[in-house]
Amino acid sequence: MLDLQAIRTRWNAIRAAFQFKSLSIGIVIAMCAGLLLPAVIGIISLNHLRQEKTNNDIELYLNDKIALLSNSLALPVWNYDINLANKIAQASLQDRQVVRITISDTKHDPILNLEYPERNIGTLHTAWHELILNGEIAGFVKVDLDDGLMIQQSRRDQSIYTYILLGQFTLALILIMLALHYRVLKPLAALTRFSNQLADGDFNHKVGWQRTDEIGHLAAQLDQMRRDLQAAFSEQQAILNNVPAGVIFIRDGVIQLANLHAEAIFGYEQGSMHGLQPKELYLSNDQFMAIRERAKLSMTVLLGRYAEELRLKRFDGSAFWARMSGCGLDPHNPQAGSIWVFEDISERKAAESEINNLAFYDPLTQLPNRRLLLDRLKHALISSNRSLKCGALLFIDLDDFKTLNDTFGHDSGDCLLQQVAQRLTTCVRQDDTVARLGGDEFVILLEDLSSDMQEAAALAKNVSEKILAALNQSYQIDKHERYSTPSIGVTLFIDHNESIEELLKRADMAMYEAKAAGRNTVRFFDQKMQDMLMNRAAMEDGLRQAIIKAEFQLYYQPQIISTGILTGVEALVRWIHPQRGLVSPAEFIPLAEESGLILPLGHWVLKTACEQIASWANNKDMANLSIAVNVSARQFHQADFVDEVLNIIEQTGANPSRLKLELTESMLIDDIEDIITKMTLLKALGVGFSLDDFGTGYSSLYYLKRLPLDQLKIDQSFVRNILSDANDAAIAKMVVALGLSLNLNVIAEGVELEAQRDYLARLGCHAYQGYLFSKPLPLHDLEAFYNEKMRPENKLVS
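Everything in the sequence shown is counted per the working numbering, starting at 30 for the first residue and increasing by one.
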């Protein structure tokens, strides 16, 4: 296949090398430098030589001049013939280069001094010579010679020579440039235009001339390359347009080439994909970015091809399935571009989907069939074994479906089954499985319910009741309202060794138990679990009635300091059941939390405690007692909890400084800022706060110091073994030290032995609550306890 990128790169290099403008300037500069530099060097050298010759000529002329004068003046000076000496000197002054002639006697006293200052136009050169006659010195002669005229002549000669050289240089440059232009630059410009046309894909224009020199040889080679490229490109187009797949070439982030089949696959007109951004072919920009990153990793890091089956977008916006594969032209140079091949696999995908539906889905309801259910149940058992979380299997059978099917026809029965399938799907989570086994039998697989069997059973029961409610609604069939009810059997599984068929059998047996119980109900396979759920339901109903009928009573457990003074009590709710009597809080408090009944129950406890605070205000002996009230997380996180407390205090007239709200450490995990805000508002009113069960959670010391607390309570689980367990003792010691460092009171609950109290006292904890002092008491017994033991005259002593 023709490598267009390589072609374009090659011709761009040729075009850059043969740019007419830059090449001409370069050649002209080189030629000018080559011709001018020797001329400049020659001129400089000539000037230097001429200057030396001028200096030599002046010196020689001066020596000759003074020698002649000395010979002529020796006799007149010897005879002191001044007139003759003057005539000789005047004759020498006819030379315009002579500026001054001075004749002196043997004592250097001037005899004659002739001078023409106006002749001084250059540099003076002076020479002395003795006047000797008959071997004796008759006097001296001095001549001052000006070199100006000789210098001027020398400069004229230099200028003439320089002009001659520059004229030769200019003429040579013009002649060479003309030859260069017509023989080199003009042909190269033509070759440059030819290369640009070739790089742009124009293979029809020839070079247009022939020559026998090197440039002509290059032109012939380029023209041959044009013919080869034209043939190769035609072959490439023929191949690409006959390949039964879409082929796209991408470079610089746009589509450079797309064959006819690619345009047909994506629904574009011929030639319209050129210049298109590749992301236009994808369903979304996120999909494009993800595919691009995976392809880049495959092509650059892994140095391989990339292939994937995915959904792409046609020109009209419709989606289709395609198989895409591609590779980079140069793995080490991402800028080289990449080539991609696309195949429309929509028909194959549709066939696969159809085969998959036939194999794993019920054709009527489009729910998973028995085969897919068994496979998912197998994976659910493995997952349950790994996570140790319970799952549940619900077996659902429609009551009297056969009667409806036979009476109104199979079409009505099929319509009912389809609507049942839709309603079942809305009753479960997205990850749960709703399957149809056949006929009117459906199975629901619930996974990852809970690691606690009782909680998992409760969740499965909630889903079952939701299904009962959904399927008991009327069905619109043939413009008539029809009714159908289900019988549901439930079995739980966690780390089961039984087979999948055994689990289905158990769920089926539980479903028949529901049929036997009168239909339209739910039954669990495990009878104990069934009994437990029934008891739980009965207790929840009883709890609702107890709130309405006010069957609750507050008990108070004294809180005593080391001096034996009763400082307050903790209010503990008790349920006085009409038949069962006193119900343990461990039974109904968790149920109240889960069912939401803790909200009205907590409101009652808080209001009753405030009423008691207001009542004790009239009792001088007990007016100073505080009452600690436990507040649940669900209750405290209500948006109007602060208003609720303020309203109760206002209604009851209770002194807010005698009310202490006990919060559990686990409450601090969620929305700590909201907790701090609410506590601060109530603290400003005077309400106190105690952190209950401290040490059992994961409190952050950063948040702990921000909480407006008054008290830390050491959990009874640490107090119970404080004398025998070093870890419990260390934790208790840490809580006491932390409380003291934060200026908080510390109270220990669950104190049952004097040794425990004494140990806590040594740690610095001087407030206690537990059976050592008193168990929780009803109001009457508490007041009796106070009168008997807490009065100053008979109070408990430490």
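Each residue gets a CB set at the ideal place from its N, CA and C atoms; glycine is no exception.
Pull up the distance between the alpha-carbon of residue i and that of residue j, whole angstroms please.
| i | j | result |
| --- | --- | --- |
| ASN385 | PHE471 | 20 Å |
| PHE828 | ALA615 | With the chain covering only 30 through 827, there is no way to say anything about residue 828. |
| GLU691 | ASP404 | 50 Å |
| MET819 | GLY593 | 8 Å |
| TRP157 | GLN181 | 26 Å |
| ARG184 | ASN76 | 9 Å |
| ALA351 | GLN364 | 26 Å |
| GLY15 | SER121 | Coverage of the chain is limited to positions 30 through 827, which leaves residue 15 absent and any answer about it impossible. |
| LYS50 | LEU217 | Summary for LYS50: the model assigns pLDDT 48, below 50, so the residue's position carries little reliability; its value from the coordinates is reported in the next sentence. LYS50 and LEU217: Cα-Cα distance of roughly 11 Å. |
| PHE47 | SER224 | Residue placement at PHE47 is flagged as unreliable, the pLDDT there being 47, under the threshold of 50; a coordinate-derived value is accordingly withheld. |
| VAL671 | ASP650 | 30 Å |
| LEU341 | GLU292 | 13 Å |
| MET696 | GLN448 | 44 Å |
| TYR190 | LEU65 | 14 Å |
| ARG786 | VAL780 | 6 Å |
| ALA784 | ASP754 | 14 Å |
| LEU209 | GLN250 | 22 Å |
| MET179 | VAL172 | 17 Å |
| ASP440 | LEU572 | 47 Å |
Could you give the first and the last residue of the continuous beta strand (DSSP E) run that contains residue i?
| i | result |
| --- | --- |
| LYS171 | 165-175 |
| LEU710 | From DSSP, LEU710 is part of no beta strand (DSSP E) but of the alpha helix (DSSP H) over 701-714. |
| PHE553 | 551-553 |
| TYR311 | Where TYR311 is concerned, there is no enclosing beta strand (DSSP E), given that its DSSP letter is neither H nor E. |
Tell me residue i's beta-bridge partners as DSSP assigns them.
| i | result |
| --- | --- |
| HIS606 | GLY610 |
| GLN586 | GLU599 |
| ARG352 | GLU338 and GLU372 |
| ALA156 | VAL172 |
| GLN505 | GLU510 |
| VAL658 | ALA600 and LEU690 |
| ILE132 | LEU141 and VAL170 |
| SER719 | GLU691 and GLN740 |
| ASN774 | GLN740 |
| SER516 | ASP426 |
| LEU162 | GLU165 |
| THR462 | LEU474 |
| SER367 | ILE279 and GLY357 |
| VAL127 | LEU174 |
| CYS881 | The structure shown does not extend to residue 881, since the chain spans only 30 to 827, so no value can be given for it. |
| GLY467 | GLU470 |
Going by beta-carbon coordinates alone, are residue i and residue j separated by less than 7 Å?
| i | j | result |
| --- | --- | --- |
| MET23 | ALA324 | Coverage of the chain is limited to positions 30 through 827, which leaves residue 23 absent and any answer about it impossible. |
| ALA777 | ILE743 | yes |
| THR135 | GLY168 | yes |
| PHE424 | ILE368 | no |
| THR394 | ALA450 | yes |
| ALA536 | LEU422 | yes |
| ARG603 | GLN574 | no |
| LEU174 | GLN126 | yes |
| PHE554 | THR596 | no |
| LEU478 | LEU488 | yes |
| LEU494 | GLY420 | One detail in the question is off: residue 494 reads as Glu in this sequence, not Leu. Against a cut-off of 7 Å, the Cβ pair of GLY420 and GLU494 comes out as no contact. |
| PHE295 | ARG343 | yes |
| THR693 | PRO737 | no |
Measuring from the CB of residue i, is there a heavy atom of the ligand NAP at a distance below 6 Å?
| i | result |
| --- | --- |
| SER503 | With respect to small molecules bound, the structure shown includes none, and the ligand NAP cannot be examined in it. |
By the DSSP assignment, the alpha helix (DSSP H) with residue i in it spans what residues?
| i | result |
| --- | --- |
| GLU470 | Premise fails: GLU470 lies in the beta strand (DSSP E), 470-479, not in any alpha helix (DSSP H). |
| LEU488 | 482-500 |
| THR637 | 627-645 |
| ILE320 | 314-325 |
| TYR541 | 529-545 |
| ALA120 | 111-121 |
| ALA652 | That residue, ALA652, is in no alpha helix (DSSP H); it is neither H nor E in DSSP. |
| GLN745 | 745-749 |
| HIS680 | The sequence given here has Gln at residue 680, not His. Looking at the DSSP string, the run of the alpha helix (DSSP H) that includes GLN680 is 670-681. |
Quiz prompt | Inter-stretch contact (C-beta, 8 Å, three-pair minimum) for the segment 584-598 and the segment 646-660 | solution = yes
Practice problem: Pair every Cβ in the segment 628-645 with every Cβ in the segment 664-681, then say whether three or more of these pairs are closer than 8 Å. | Solution: yes
Quiz item: Taking one C-beta from the segment 702-715 and one from the segment 665-672 each time, how about it: are there three or more such pairs within less than 8 Å?
Solution: yes
Quiz item: Do the segment 77-93 and the segment 110-118 touch if we need at least three Cβ pairs shorter than 8 Å?
Solution: no
Quiz item: Does the segment 310-317 touch the segment 404-414, meaning 3 or more C-beta pairs lie closer than 8 Å?
Solution: no
Self-check item: Inter-stretch contact (C-beta, 8 Å, three-pair minimum) for the segment 542-550 and the segment 756-771
Solution: no
Quiz item: Is the segment 194-207 touching the segment 58-65 in the sense that three or more CB pairs, one from each, lie closer than 8 Å?
Solution: yes
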